[in-house]
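Going by this note's numbering, the first residue of the sequence shown is number 124, and it counts up by one from there.
Below is one structure, written out as structure tokens, with a few remarks after it.
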Amino acid sequence: MIPSEAMATGFDEARLGELIGSIRSARAWPAGLVDRLAALARDPDDFTAYRVNPLAFARDAGVEAADGIALFLVAAKHGLFAMHWDLLCTGCGDLVERFDSLSFMHSTYHCGICQTDYQATLEDSIEVSFTLSPAVRDLRASHPDQLSPEEYYYRWLFN
């Protein structure tokens, strides 16, 4: 059964099932790993499947980091998750900008919280994250302008 909050945000169980099946058949995965990914997609908390870190996911699942990275790359290839390059402020950690491709990244950025200009580097400023596809479920976290002030500051801005 799908949690009512997930249903309210347009959860597509049939589409999720198709995508999970494709991911499962893409290669041999550690036991239970794909099931954990499906559970993540079904989690009724819209912030759980927003800006997922594959290294943290792998650690929590008790698998090698390489398996977590491979899982999310395959999930992005099949359309379950979208891969993003997040430019984070090196001063405060704020999400400054999000790119679908590194070709859009600039060599400098301005942080609105710190009110400072910084040099952007791959090592210190960029984080790769994955967000559940709106084809499966449109996450409230993907619409920061519609969040309450508490959700915006404590769950979205400092995610």
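Every residue, glycine too, gets a C-beta built ideally from N, C-alpha and C.
Residue i versus the options, residue with shortest Cα-Cα distance
i, options, result
"D166", "F134, F253, L142 and R138", "F134"
"C215", "L203, M206 and D240", "D240"
"D190", "H229, D168, T213 and R159", "R159"
Opening and closing residue of the beta strand (DSSP E) in which residue i lies
i, result
"S205", "The sequence shown places Ala at residue 205, not Ser. F204 to L211 is the extent of the beta strand (DSSP E) around A205."
"E250", "I249 to L255"
"F227", "No beta strand (DSSP E) holds F227; DSSP gives it neither H nor E."
Cβ-based neighbour list, residue i, same chain, cut-off 7 Å, excluding 5 preceding and 5 following
i, result
"G202", "L142, S256 and A258"
"T171", "L163"
"S127", "Confidence at S127 is low in this model, with a pLDDT of 37, below 50, so the placement of that residue is unreliable and no value is reported for it."
"T118", "The structure shown has nothing for residue 118, since the chain only spans 124 to 282."
"A149", "V197"
Limits of the alpha helix (DSSP H) - the one that residue i falls within
i, result
"L139", "E136 to A149"
Cβ shell of residue i (< 6 Å), same chain only, five flanking positions each side left out
i, result
"R147", "V157"
"P153", "V186 and D190"
"L225", "W208"
Proximity of residue i and residue j at Cβ, strictly below 8 Å
i, j, result
"A188", "F253", "no"
"F222", "H233", "no"
"H194", "A161", "Rather than His, the amino acid found at residue 194 in this sequence is Leu. Contact: no."
Nonlocal neighbours in the same chain, by C-beta distance under 8 Å from residue i, ignoring five residues either side
i, result
"Q269", "R263"
"A104", "Outside the shown range of the chain (124 to 282) lies residue 104, about which nothing can therefore be said."
Outcome for residue i when other beta-carbon atoms lying within 10 angstroms are tallied against a minimum of 16
i, result
"D169", "buried"
"M130", "Because the pLDDT of M130 is 37, which lies under 50, any placement of that residue in the model is unreliable, and the number read from its coordinates should be weighed accordingly. Looking at its Cβ environment, which holds fewer than 16 other Cβ atoms inside 10 Å, M130 is exposed."
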